[in-house]
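A.B. asks: Using numbering that gives the first Met the number 0, read the sequence shown as starting at 0 and increasing by one per residue.
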Amino acid sequence: MRNPLADKVVEIKPSGIRKFFDIVSEMPDAISLGVGEPDFDTPWHIRDEGIYSLEKGRTFYTSNAGLKELREEICRYLKRRQGVKYDPQKEVLITVGGSEGIDAALRAMLNPGEEVLIPQPSYVSYEPCTVLAGGVPVVIELKAENEFRLTAEELEEAITEKTKILILPFPNNPTGAIMERKDLEEIAKVIEKHDLFVISDEIYSELTYKEKHVSIVEIPGMQERTILINGFSKAYAMTGWRLGYACGPKAIIEQMTKIHQFAIMCAPTTSQYAAVEALRNGDDDVAEMREAYNQRRRYLMHAFKEMGLECFEPFGAFYVFPCIKEFGMTSDEFATRFLEEEKVAVVPGTAFGDCGEGFLRISYAYSLENLKVAIEKLANFVEKLRKEN
0 MRNPLADKVV EIKPSGIRKF FDIVSEMPDA ISLGVGEPDF DTPWHIRDEG
50 IYSLEKGRTF YTSNAGLKEL REEICRYLKR RQGVKYDPQK EVLITVGGSE
100 GIDAALRAML NPGEEVLIPQ PSYVSYEPCT VLAGGVPVVI ELKAENEFRL
150 TAEELEEAIT EKTKILILPF PNNPTGAIME RKDLEEIAKV IEKHDLFVIS
200 DEIYSELTYK EKHVSIVEIP GMQERTILIN GFSKAYAMTG WRLGYACGPK
250 AIIEQMTKIH QFAIMCAPTT SQYAAVEALR NGDDDVAEMR EAYNQRRRYL
300 MHAFKEMGLE CFEPFGAFYV FPCIKEFGMT SDEFATRFLE EEKVAVVPGT
350 AFGDCGEGFL RISYAYSLEN LKVAIEKLAN FVEKLRKEN
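1. Output the distance between the C-alpha atoms of residue 242 and residue 7, rounded to the nearest integer angstrom.
2. Would you identify the three-state DSSP class for residue 5, choosing helix, strand or coil?
3. Which complete alpha helix (DSSP H) runs does the region 281 to 347 hold, if anything under 4 residues is left out?
4. So who's on the other strand from residue 391, going by DSSP bridges?
5. Going by DSSP in three states, residue 59 sits in which element: helix, strand or coil?
6. Where does residue 229 land, buried or exposed, given buried means 16+ other C-beta within 10 angstroms?
7. Should residue 362 go down as buried or exposed, given a rule of 16 or more other Cβ atoms within 10 Å for buried?
8. When DSSP builds the beta bridges, which residues end up paired with residue 232?
9. Against chain D, does residue 283 count as a neighbour if the rule is that its beta carbon must be under 8 Å from one of theirs?
10. Please identify the residue among 91, 79, 51 whose C-alpha is closest to the C-alpha of residue 69.
11. In the DSSP assignment, find the unbroken beta strand (DSSP E) run with residue 162 in it and report its ends.
12. Helix, strand or coil for residue 120, going by three-state DSSP, please let me know.
13. Among 325, 347, 342, which one has its Cα closest to the Cα of residue 334?
14. Suppose you measure from the CA of residue 222 to the CA of residue 359; what does that come to, to the nearest Å?
15. Going by C-alpha to C-alpha distance, which of 93, 145, 54, 56 sits closest to residue 72?
16. Counting C-beta neighbours from all protein chains within 10 Å, is the total for residue 250 16 or more, i.e. buried, or is it exposed?
17. Taking residue 382 as the reference, give the member of 322, 328, 307, 365 with the closest Cα.
18. Distance check for residue 248 and residue 89, CA to CA, integer angstroms please.
19. Enumerate in chain order the residues of its own chain whose CB-to-CB distance from residue 212 is below 6 Å, with the five nearest sequence positions on each side excluded.
20. Measure from the alpha carbon of residue 298 to the alpha carbon of each residue in 285, 319, 282, 284, then state which is nearest.
21. So, using beta-carbon positions, are residue 121 and residue 351 closer together than 8 Å?
22. Check for me: the beta strand (DSSP E) holding residue 360 runs from which residue to which?
23. Quick one: residues in its chain with C-beta nearer than 7 Å to the C-beta of residue 159, no 5 flanking neighbours on either side, listed in chain order?
24. Determine whether the beta carbon atoms of residue 142 and residue 314 lie at a separation below 8 Å.
25. Following the continuous alpha helix (DSSP H) through residue 200, name the residue where it begins and the one where it ends.
26. Would you be able to state if there are at least three C-beta pairs under 8 Å between the region 255 to 264 and the region 40 to 55?
27. For residue 130, which residues of its own chain have a beta-carbon under 7 Å away from its beta-carbon, when the five flanking residues on both sides are left out?
28. From which residue to which residue does the beta strand (DSSP E) around residue 246 run?
29. Between 225, 288, 284, 83, which lies nearest to residue 166 when the distance is taken from Cα to Cα?
30. For the region 188 to 202 against the region 266 to 284, do three or more pairs of beta-carbon atoms, one drawn from each stretch, fall closer than 8 Å, so that the two count as touching?
31. Would you mind working out which of 86, 366, 386, 155 sits nearest residue 39, comparing C-alpha positions?
32. Taking C-beta to C-beta, are residue 23 and residue 15 nearer than 8 Å?
33. Grouping DSSP H, G and I as helix and E and B as strand, with all else coil, what is residue 252?
34. If you follow the beta strand (DSSP E) that residue 136 is in, where does it begin and where does it stop?
35. Excluding the five sequence neighbours on either side, which residues of its own chain have a C-beta within less than 6 Å of the C-beta of residue 196, listed in chain order?
36. How should residue 5 be labelled, buried or exposed, when 16 other C-beta atoms within 10 angstroms of its C-beta is the threshold for buried?
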């Protein structure tokens, strides 16, 4: 029998996050700080709108691009948050989570062999989605001394004649890094100089703690070059509703919608009605959850300082990325021993790219009570390792 599998799929490594998640699922007493999922329930008024849509029998397909009402609400949201205008009829696509938006954008834009610049450490799907779309991923290694921000110099050095797309993963998973307006303005100059396009993954845009999130589409000349990806999973605690959206130039969104049409048909109808309610009346919920995350963030930074564990201060998302290089272990070795000896799961930094070696991702999308127990165990583990050395 001939090989039934595609070589490029077989060669893609499975997610490094899932490895530890699968292990901890079989350890009843373990605490997991590994998965980036809010511990809050979806706010009741949002759930209620989803229930109401079912009671009213709204179980039909929507248009391929999504409910008109939701697309209009997204445009209002982006106008008040980022000060940018989109046409809800031609420049917005409702997707099955932000992840589908990333995949569809890459497939719609890439010809075989064209290069995609991927700053790392970053979300695990960018590289495989680039490969599946026929593109060539080119990694830009972000540095702790730059607070894991992308600099114009780093971008310039990575560009070749085959470069077409830059992925901007900010606020960043796993580091919690952000890009401020001045950073984006410098990046924008390089993008225009080399006639590049941008896929800006802004799923954590509502979860920033230093200042209001700035999108690259706010920078003059960038909106027409950018596919903005966002969704409802993180800000509104709607992970299981699987709903996201992509906004961008009509020509690109049209082709993304074609891919979506044949692969998906439309995003879940119930989720779309719930999302309308989230955008209209969810600001207070987001502010409440953001304050809770910020409290946990400050607690972790203080705890790391107390135990002498080096960690730059993150100002976005709900992750910290402490450095464990002093212990002379790989990230995977540290995470494995920590799980086996203290029954706490964290994610090795290498799950987000080779340059994540020497770091761990710890999610604070968990209750403060669980965090306190886990961090006490981490302090004990760190003390034990220092005595071993």
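Beta carbons are placed, not taken as given, at the ideal position from N, Cα and C, and that holds for glycine. Treat the numbers as computed from the prediction; the structure is a model and nothing was measured.
C.D. replies: On the basis of the supplied data:
1. The residue given as residue 242 occupies position 243 in the sequence shown. The residue given as residue 7 occupies position 8 in the sequence shown. For residue 242 and residue 7, the distance between alpha carbons rounds to 28 Å.
2. Working through the sequence shown from its first residue, we reach residue 5 at position 6. In this structure, residue 5 counts as coil in the three-state DSSP scheme.
3. 282 to 306, 330 to 341
4. Absent from the structure is residue 391, since the part of the chain shown begins at 0 and ends at 388.
5. To locate residue 59, count along the sequence shown from 1; it is residue 60. DSSP places residue 59 in coil when its eight states are reduced to three.
6. Counting from 1 along the sequence shown, the entry for residue 229 is found at position 230. Note on residue 229: 16 or more other CB atoms within 10 angstroms of its CB, so buried under the neighbour-count rule.
7. Counting from one through the sequence shown, the residue named residue 362 turns up at place 363. Flag for residue 362 reads buried.
8. Start at 1 with the first residue of the sequence shown, and residue 232 comes out as number 233. In DSSP, residue 232 forms no bridge with anything.
9. No chain D appears in the structure shown, which is made up of a single protein chain.
10. Here residue 69 refers to the residue found at position 70 of the sequence shown. Minimum Cα distance to residue 69 is reached at 91.
11. Sequence index remark: in the sequence shown, residue 162 carries index 163 (1-based). Residues 162 to 167.
12. For this step, residue 120 is matched to residue 121 along the sequence shown. If DSSP states are grouped into helix, strand and coil, residue 120 belongs with coil.
13. By 1-based counting over the sequence shown, the position of residue 334 is 335. It is 347.
14. As a first step, residue 222 is located in the sequence shown; it is residue number 223 there, counting from the start. As a first step, residue 359 is located in the sequence shown; it is residue number 360 there, counting from the start. Rounded to the nearest whole angstrom, the CA to CA distance from residue 222 to residue 359 is 34 Å.
15. Position 73 of the sequence shown holds residue 72. Nearest option by C-alpha distance: 93.
16. Taking the first residue of the sequence shown as 1, we reach residue 250 at position 251. When all chains shown are included, residue 250 counts as exposed.
17. Here residue 382 is taken as the residue at index 383 of the sequence shown, counted from 1. The option with the nearest alpha carbon to residue 382 is 307.
18. Here the question's residue 89 lines up with position 90 in the sequence shown. Here the question's residue 248 lines up with position 249 in the sequence shown. C-alpha separation (whole angstroms): 8 Å.
19. Counting from 1 along the sequence shown, the entry for residue 212 is found at position 213. Within the same chain, residue 212 has close Cβ partners 204.
20. Within the sequence shown, residue 298 is the residue found at index 299, counting from 1. When only C-alpha atoms are compared, the closest one is 319.
21. Walking along the sequence shown from the start, residue 121 turns up at place 122. Walking along the sequence shown from the start, residue 351 turns up at place 352. Taking 8 Å as the cut-off, the beta carbon of residue 121 is found closer than this to the beta carbon of residue 351.
22. Mapped onto the sequence shown, residue 360 falls at position 361. Counting along the chain, the beta strand (DSSP E) containing residue 360 begins and ends at 359 to 362.
23. In the sequence shown, counting from the first residue as 1, residue 159 sits at position 160. Residues 114 of the same chain have their beta carbon placed closer than 7 Å to that of residue 159, with the five preceding and five following residues left out of the count.
24. Indexing the sequence shown from 1 puts residue 142 at position 143. Indexing the sequence shown from 1 puts residue 314 at position 315. Not in contact: residue 142 and residue 314 (Cβ atoms no closer than 8 Å).
25. Stepping through the sequence shown from its first residue, residue 200 is reached at position 201. For residue 200, there is no enclosing alpha helix (DSSP H); the enclosing beta strand (DSSP E) covers residues 196 to 200.
26. No, the region 40 to 55 does not touch the region 255 to 264.
27. Along the sequence shown, read from residue 1 onward, the residue named residue 130 stands at position 131. Cβ within range, chain order: 7, 11, 136.
28. Here residue 246 is taken as the residue at index 247 of the sequence shown, counted from 1. Per DSSP, residue 246 belongs to the beta strand (DSSP E) from 243 to 246.
29. Residue numbering aside, residue 166 sits at position 167 when the sequence shown is read from its first letter. Per the Cα distances, 225.
30. no
31. One-based indexing of the sequence shown puts residue 39 at position 40. Ranked by Cα distance from residue 39, the options 86, 366, 386, 155 are led by 366.
32. Numbered from 1 along the sequence shown, position 24 holds the residue referred to as residue 23. Numbered from 1 along the sequence shown, position 16 holds the residue referred to as residue 15. It is not a contact, given that the beta carbons lie outside the stated cut-off.
33. As a position in the sequence shown, residue 252 is number 253, starting the count at 1. Residue state, collapsed to three classes: helix.
34. Residue numbering aside, residue 136 sits at position 137 when the sequence shown is read from its first letter. Counting along the chain, the beta strand (DSSP E) containing residue 136 begins and ends at 135 to 140.
35. Walking along the sequence shown from the start, residue 196 turns up at place 197. Answer for residue 196: 164, 224, listed in chain order.
36. Counting from one through the sequence shown, the residue named residue 5 turns up at place 6. By the neighbour-count rule (16 or more Cβ atoms within 10 Å), residue 5 is not buried but exposed.
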